[in-house]
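There are 2 protein chains.
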Amino acid sequence: MYPNFNFEIINSDPNSNARCGKLTTPHGIVETPNFIFCATKAAIKGLSPTAMKAENTQIILANTYHLMLQPTSEIVKQLGGLHEMMGWDGPMFTDSGGYQIFSLGHGSISSEIKGKRNSTRPNTLLKITEEGAKFRSYIDGSLHLLTPEKAIQIQRNLGADLIVVLDECTPFHVDKTYTANSMHMSHRWALRSVEEFKRENNYAQALYGIIQGGVYEDLRKESADFVNSNEFFAHAIGGCLGSDKNQMHNIVGTTMSMLSQNRPVHLLGIGGVSDIFNGIIHGIDTFDCVHPTRLARHGGALVPHSLKLIEADPSKTEHFNLLNNRFRSDEKAIDPECGCSTCKHFSRGYLHHLFKAKEILGLQALTAHNVHFMNRLMQSIRNAIKDGTLEQERKKWVS
Amino acid sequence: MYPNFNFEIINSDPNSNARCGKLTTPHGIVETPNFIFCATKAAIKGLSPTAMKAENTQIILANTYHLMLQPTSEIVKQLGGLHEMMGWDGPMFTDSGGYQIFSLGHGSISSEIKGKRNSTRPNTLLKITEEGAKFRSYIDGSLHLLTPEKAIQIQRNLGADLIVVLDECTPFHVDKTYTANSMHMSHRWALRSVEEFKRENNYAQALYGIIQGGVYEDLRKESADFVNSNEFFAHAIGGCLGSDKNQMHNIVGTTMSMLSQNRPVHLLGIGGVSDIFNGIIHGIDTFDCVHPTRLARHGGALVPHSLKLIEADPSKTEHFNLLNNRFRSDEKAIDPECGCSTCKHFSRGYLHHLFKAKEILGLQALTAHNVHFMNRLMQSIRNAIKDGTLEQERKKWVS
Numbered sequence: 000m001y002p003n004f005n006f007e008i009i010n011s012d013p014n015s016n017a018r019c020g021k022l023t024t025p026h027g028i029v030e031t032p033n034f035i036f037c038a039t040k041a042a043i044k045g046l047s048p049t050a051m052k053a054e055n056t057q058i059i060l061a062n063t064y065h066l067m068l069q070p071t072s073e074i075v076k077q078l079g080g081l082h083e084m085m086g087w088d089g090p091m092f093t094d095s096g097g098y099q100i101f102s103l104g105h106g107s108i109s110s111e112i113k114g115k116r117n118s119t120r121p122n123t124l125l126k127i128t129e130e131g132a133k134f135r136s137y138i139d140g141s142l143h144l145l146t147p148e149k150a151i152q153i154q155r156n157l158g159a160d161l162i163v164v165l166d167e168c169t170p171f172h173v174d175k176t177y178t179a180n181s182m183h184m185s186h187r188w189a190l191r192s193v194e195e196f197k198r199e200n201n202y203a204q205a206l207y208g209i210i211q212g213g214v215y216e217d218l219r220k221e222s223a224d225f226v227n228s229n230e231f232f233a234h235a236i237g238g239c240l241g242s243d244k245n246q247m248h249n250i251v252g253t254t255m256s257m258l259s260q261n262r263p264v265h266l267l268g269i270g271g272v273s274d275i276f277n278g279i280i281h282g283i284d285t286f287d288c289v290h291p292t293r294l295a296r297h298g299g300a301l302v303p304h305s306l307k308l309i310e311a312d313p314s315k316t317e318h319f320n321l322l323n324n325r326f327r328s329d330e331k332a333i334d335p336e337c338g339c340s341t342c343k344h345f346s347r348g349y350l351h352h353l354f355k356a357k358e359i360l361g362l363q364a365l366t367a368h369n370v371h372f373m374n375r376l377m378q379s380i381r382n383a384i385k386d387g388t389l390e391q392e393r394k395k396w397v398s
Numbered sequence: 000m001y002p003n004f005n006f007e008i009i010n011s012d013p014n015s016n017a018r019c020g021k022l023t024t025p026h027g028i029v030e031t032p033n034f035i036f037c038a039t040k041a042a043i044k045g046l047s048p049t050a051m052k053a054e055n056t057q058i059i060l061a062n063t064y065h066l067m068l069q070p071t072s073e074i075v076k077q078l079g080g081l082h083e084m085m086g087w088d089g090p091m092f093t094d095s096g097g098y099q100i101f102s103l104g105h106g107s108i109s110s111e112i113k114g115k116r117n118s119t120r121p122n123t124l125l126k127i128t129e130e131g132a133k134f135r136s137y138i139d140g141s142l143h144l145l146t147p148e149k150a151i152q153i154q155r156n157l158g159a160d161l162i163v164v165l166d167e168c169t170p171f172h173v174d175k176t177y178t179a180n181s182m183h184m185s186h187r188w189a190l191r192s193v194e195e196f197k198r199e200n201n202y203a204q205a206l207y208g209i210i211q212g213g214v215y216e217d218l219r220k221e222s223a224d225f226v227n228s229n230e231f232f233a234h235a236i237g238g239c240l241g242s243d244k245n246q247m248h249n250i251v252g253t254t255m256s257m258l259s260q261n262r263p264v265h266l267l268g269i270g271g272v273s274d275i276f277n278g279i280i281h282g283i284d285t286f287d288c289v290h291p292t293r294l295a296r297h298g299g300a301l302v303p304h305s306l307k308l309i310e311a312d313p314s315k316t317e318h319f320n321l322l323n324n325r326f327r328s329d330e331k332a333i334d335p336e337c338g339c340s341t342c343k344h345f346s347r348g349y350l351h352h353l354f355k356a357k358e359i360l361g362l363q364a365l366t367a368h369n370v371h372f373m374n375r376l377m378q379s380i381r382n383a384i385k386d387g388t389l390e391q392e393r394k395k396w397v398s
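Line by line, the protein sequences give chains A and B. Going left to right, the first sequence walks through residues 0 to 398 as numbering that gives the first Met the number 0 numbers them. Going left to right, the second sequence walks through residues 0 to 398 as numbering that gives the first Met the number 0 numbers them.
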């Protein structure tokens, strides 16, 4: 079903379930574990594809929900598909659109996954039926119905390498019965997605199934069995991962132990450095999150924990806040060991000035740094898995 | 007085006063005629110095007024001066700060030069005396006094190659007596500037004198004689240039005929394509304006007139408005003959989408295009002067 795709495990960590792999797509290879950057509306905010490549990026994603509304998937297709339109020739991923339909209006998606808010449905979501989800455009209020078939058709137009079935993103504060019913509908949607995928398989795309089941182990097991036994190229862990980091850690661990080992696994919407280490020891292969690029736009420069110790930075975050006045005349690069274009040319003092002066170049420069940081982190993790030194490596990056 | 600077005229147009020259600075050579891009607060909005170089930029400027208030010239000096701080190793220009003090609060500076508004003093300007100009910071309301000496000291801290004396930017709707008195004070300020410049000449900077005199030919003559007879490396035409393009054309022409031919001449704040051609035939060597980069941020892509004819663009501007719906699914590059990074990778349709979606990448991409356009325009003009084909060249670029 996927002759132009492949996933090969190269190394396994002797001390955990962490593993290094090679995910082959028609647009090149993704070395795993790896991080997928969010080009939500078919653009990384502040960085061109050429610059993304220069900072060692292997894979990016775009969001079906945003693009189906604007410019529409037909226009993207007319402009040659996402790769051609964006000028990005590397591997690419799109989500199904469901995620945003079910959570936009609630604030951030990661808050939803992490159960951080008392969730009700967004008022742009009008109705969920067996057929699909009816919602209003966040741009002009127009009515749309997204079905599992349409989600595949739209992603076919968009043309990313890796695509995802439509699922219902179950809200956090629902009971087990709701979660089970929702999961079963998502499974039926997944089967319809596979059918639509096969109806016009162009062998240029590979399909991800999603494991639902919320915080309930028996439901996670049922969902894992479901995806394992269907013709997916890869799996993504979706749905609610609990209300704190420990619960997320447990749910991810439990779910991973139930999934077939020979398919790549993506953890949706997770991008904190310590969360990534936790995912990796359970065998997660890819992550995505707006965090590194969004943080950059607010003056946050990701740095290893070891550097925060050297600089006696009192904050408990995983970054420097360059708006802080202590950087005002600091001539050093953000991180002397970082090889990004920003650390090569700009001092902390200059970056502080750029953010104070609200200069666009500030967010461009920090985006380049954070992208490079994530790629450097993932490379270090891959090396450490190969060398069996993952625990030592973790100490360098997180507290 | 300027052992590390030189200006050499290489070619002269047989049909006009246009000329090609080589302006040598400690940070390299500027081929003239050329355009100076505005990195107002020590940053080009949307483009890194590396990207500016890649689009063939030879020289940029920063504004003393903005930088003296934030981060302050002392901080810039501590961070190694403008070149080091910004990561720009080419020739660089700073203005004196007077321009903004006298016109900020009125709207755009070019409106002021071009006499487009009924000018009163901005209310941040508190008092002009023989000593200097007292004003309030636009950032925090703090009190500042800028004197001719301070303007030189600040520019010494900033460290640009080419620097300018402080002058009073005379408002438009004042009478001849006011203009004459103001000009005489600016001349006295210029002499104090020269004294301060010589007091600590580090041979790393060269000083521009400014010709005032508004719309009055006899005053322009007096001011031209003044700058010609003093130790300036170069001249800048300042003050009001009249209320329409014809009057500007006349004032620039008259003033140029009075200036010594062996010094480079800068025309302050002018950046429209047809205005540039008008300046060049009078012998202007350099221009500066926020127009190309500001236009880019609003979706305007500069294009040659010849391309507007081919595309039957009905607008009378010198650009395409990429927000226009007719570009929605246009697969072509902005200008198939342009070699910029944007025209290499992005279609008009994609750029239209980026602006509709308010993606930062849109303004970054158009800024790169407009910067490249201006550099390509100036290169074409230099070639045409050498070949004696300036009039034919003009027809390609403007209507």
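By construction, the Cβ of each residue, glycine as well, lies at the ideal position given by its N, Cα and C atoms. Computed from a prediction, not measured in an experiment: that's the story for all the values here.
Own chain, CB closer than 8 Å to residue i, minus 5 neighbours either side, in chain order
| i | result |
| --- | --- |
| A/S47 | G86 |
| A/V75 | A41, L66, L81, M84, N156, L157, G158 |
| A/P2 | Y202 |
| A/T253 | E216, R219 |
| A/V397 | V272, S273, F276, H304, E317 |
| B/T56 | F36, G89, V370, N374 |
Through-space distance from residue j to residue i, alpha-carbon basis
| i | j | result |
| --- | --- | --- |
| B/K40 | B/A61 | 6 Å |
| B/F286 | B/K220 | 22 Å |
| B/M257 | B/G282 | 12 Å |
| A/V264 | B/G140 | 56 Å |
| A/I236 | B/L360 | 31 Å |
| B/S95 | B/A132 | 12 Å |
| B/Y98 | B/P32 | 23 Å |
| A/E392 | A/K331 | 24 Å |
| B/C337 | B/F372 | 7 Å |
Cβ pair residue i, residue j closer than 8 Å
| i | j | result |
| --- | --- | --- |
| B/P390 | B/N16 | Strictly speaking, residue 390 of chain B in this sequence is Glu, with Pro absent from that position. It is not a contact, given that the beta carbons lie outside the stated cut-off. |
| B/L78 | A/G238 | no |
| A/M377 | A/F101 | no |
| B/N229 | B/A189 | yes |
| B/E130 | B/T146 | yes |
| A/I210 | A/A223 | yes |
| B/E54 | B/C339 | yes |
| A/S259 | A/N227 | yes |
| A/V164 | A/L124 | no |
Spatial neighbours of residue i in its chain, beta-carbon cut-off 6 Å, leaving aside the 5 residues before and after
| i | result |
| --- | --- |
| B/I153 | T63, M67, S72 |
| B/T341 | A364, A367, H368 |
| A/A38 | I59, A61 |
| B/S107 | In this prediction, B/S107 scores a pLDDT of 44, lower than 50, which makes its location untrustworthy; no coordinate-derived value is stated. |
| A/S109 | The pLDDT assigned to A/S109 is 48, lower than 50, so where the model puts this residue is not dependable, and the model offers no usable value. |
| B/H186 | F225 |
| A/I384 | N10, D12, A17, C19 |
| B/F345 | A364 |
Sequence-distant residues of its chain with Cβ nearer than 7 Å to residue i (five each side left out)
| i | result |
| --- | --- |
| A/H318 | L294, G299, A300, L301, V302 |
| B/E7 | G20, K21 |
| A/G278 | V251, L266, I269, F286 |
| A/P25 | N3, D160, A203 |
| A/Q69 | I138 |
| A/R327 | G348, H351 |
Cβ separation of residue i and residue j, assumed to be a contact under 8 Å, to the nearest whole Å
| i | j | result |
| --- | --- | --- |
| B/L161 | B/F231 | Wrong, their Cβ atoms sit about 11 Å apart, outside the cutoff. |
| A/R262 | A/H234 | 6 Å |
| B/L306 | B/F354 | With a Cβ gap of about 19 Å, B/L306 and B/F354 do not count as contacting. |
| A/T169 | A/G213 | 6 Å |
| A/I28 | A/T292 | That pair is no contact at about 23 Å. |
Any non-hydrogen atom of the ligand GDP closer than 7 Å to residue i Cβ
| i | result |
| --- | --- |
| A/L125 | As far as ligands go, the structure on display features none, and thus does not contain the ligand GDP. |
(message) Going residue by residue through the region 291-354 of chain B, where are the continuous beta strand (DSSP E) segments of at least 3 residues, counting only ones entirely within it?
(response) 299-301, 318-320
(request) Can you check the region 131-202 of chain B for any alpha helix (DSSP H) of at least 4 residues that lies completely inside it and give the ranges in chain order? (result) 147-157, 175-198
(request) Just list the beta strand (DSSP E) runs in the region 62-93 of chain A, keeping only unbroken ones of 3 residues or longer that don't cross its boundaries, in chain order. (result) 91-93
(message) Ignoring anything shorter than 4 residues, give me the alpha helix (DSSP H) runs that lie fully in the region 217-287 of chain B, in order along the chain.
(response) 244-257, 272-280
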